[in-house]
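Trainee:
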Amino acid sequence: MIDPSSLRNEVLSKADIAHKIQRIAFEILEAHPHDPLAFVGIHTRGVVLAQRVYDCLTPHRGDIVQGTLDIALYRDDLDNLGTIPSIRGSDLPFPVEGAHIILFDDVLFTGRTIRAALDELIDYGRPAKIELAVLVDRGNRELPIGPDYIGHRMNTSRGEHVRVLFDDIDGAEGVYLIIGGPGS
Numbered sequence: 411m412i413d414p415s416s417l418r419n420e421v422l423s424k425a426d427i428a429h430k431i432q433r434i435a436f437e438i439l440e441a442h443p444h445d446p447l448a449f450v451g452i453h454t455r456g457v458v459l460a461q462r463v464y465d466c467l468t469p470h471r472g473d474i475v476q477g478t479l480d481i482a483l484y485r486d487d488l489d490n491l492g493t494i495p496s497i498r499g500s501d502l503p504f505p506v507e508g509a510h511i512i513l514f515d516d517v518l519f520t521g522r523t524i525r526a527a528l529d530e531l532i533d534y535g536r537p538a539k540i541e542l543a544v545l546v547d548r549g550n551r552e553l554p555i556g557p558d559y560i561g562h563r564m565n566t567s568r569g570e571h572v573r574v575l576f577d578d579i580d581g582a583e584g585v586y587l588i589i590g591g592p593g594s
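For what it's worth, my numbering labels the leading residue of the sequence shown as 411, then goes sequentially.
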């Protein structure tokens, strides 16, 4: 658990996060009022984001299927980590082939996490389309990857980090900008 009192520079409060998630949900609903959709969250906080958007849409769309993706073995920085990443496993209980997938992650930064997720999804089959939803887009892309649905956009420098906390995982909720420390 993270001690939220140790974090400064709150960017989004719990109420702000709820509002951003609701906005993402309604943008997806507007873009896909009747299309069959599959929500796939990237472990760990992308899974929480996908679930919360799903919960917002359930009264309007009860036909959305969900899955989770663990990209630990698809990362391109395994040699640099120094530790073996924990493996949670992926769970895609629907056929990926021909599916319209919306991929969820908490923070989009360089694009490398999303590249790894795309590599893994393609190993399961060829989706008809993949879109990306993120809570925070912090810029500084290294790869030509962009989100379709964004909760909050902010420009950060390489020395800054964005930390997303969700009650479900961290026991606290908020988005924080951290200067020179660990983060997303």
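For each residue, glycine too, the CB sits at the ideal point set by N, CA and C. Small disclaimer: the values here were computed from a predicted structure and weren't measured.
Check whether the region 418 to 426 touches the region 573 to 587, taking contact to mean three or more Cβ pairs, one atom from each stretch, closer than 8 Å.
Mentor: Output reads yes: the region 573 to 587 touches the region 418 to 426.
Trainee: Tell me the residue span of the beta strand (DSSP E) that contains Gly456.
Mentor: Gly456 -> not in any beta strand (DSSP E); alpha helix (DSSP H) instead, spanning 455 to 467.
Trainee: Using the rule of at least 16 other Cβ atoms within 10 Å of the residue's Cβ for burial, across every protein chain shown, is Ser567 buried or exposed?
Mentor: Burial call: exposed.
Trainee: CA-CA distance, Ser527 and Leu459?
Mentor: According to the sequence provided, residue 527 is Ala. The question's Ser does not apply to it. Answer to the nearest angstrom: the Cα atoms are 16 Å apart.
Trainee: Secondary structure at Ile524, three-state DSSP: helix, strand or coil?
Mentor: Residue state, collapsed to three classes: helix.
Trainee: If distances are taken between C-alpha atoms only, which option among Arg455, Asp501, Ile579, Leu542 comes closest to Tyr534?
Mentor: Cα-wise, what sits closest to Tyr534 is Asp501.
Trainee: For Phe504, I'd like the list of residues in its chain whose CB is within less than 7 Å of its CB, leaving aside the five on either flank, ordered along the chain.
Mentor: Counting only Cβ-Cβ distances below 7 Å, and skipping sequence neighbours, we find Ala448, Val475, Gly477.
Trainee: The beta strand (DSSP E) with Phe514 in it runs from where to where?
Mentor: Unbroken beta strand (DSSP E) run through Phe514: 510 to 518.
Trainee: DSSP three-state label for His562, please.
Mentor: Reduced to three states, the DSSP call for His562 is strand.
Trainee: Where do the ends of the alpha helix (DSSP H) carrying Phe571 lie?
Mentor: In the sequence under discussion, the amino acid at residue 571 is His, which differs from the Phe named in the question. Per DSSP, His571 belongs to no alpha helix (DSSP H); it is in the beta strand (DSSP E), 570 to 575.
Trainee: Which word fits His444, buried or exposed, when buried means at least 16 other C-beta atoms lie within 10 angstroms of its C-beta?
Mentor: Exposed, since its Cβ has fewer than 16 Cβ neighbours within 10 Å.
Trainee: Under three-state DSSP, which class holds Asp547?
Mentor: It is a strand residue.
Trainee: State the DSSP-derived secondary structure class of Glu541, mapped to helix, strand or coil.
Mentor: If DSSP states are grouped into helix, strand and coil, Glu541 belongs with the strands.
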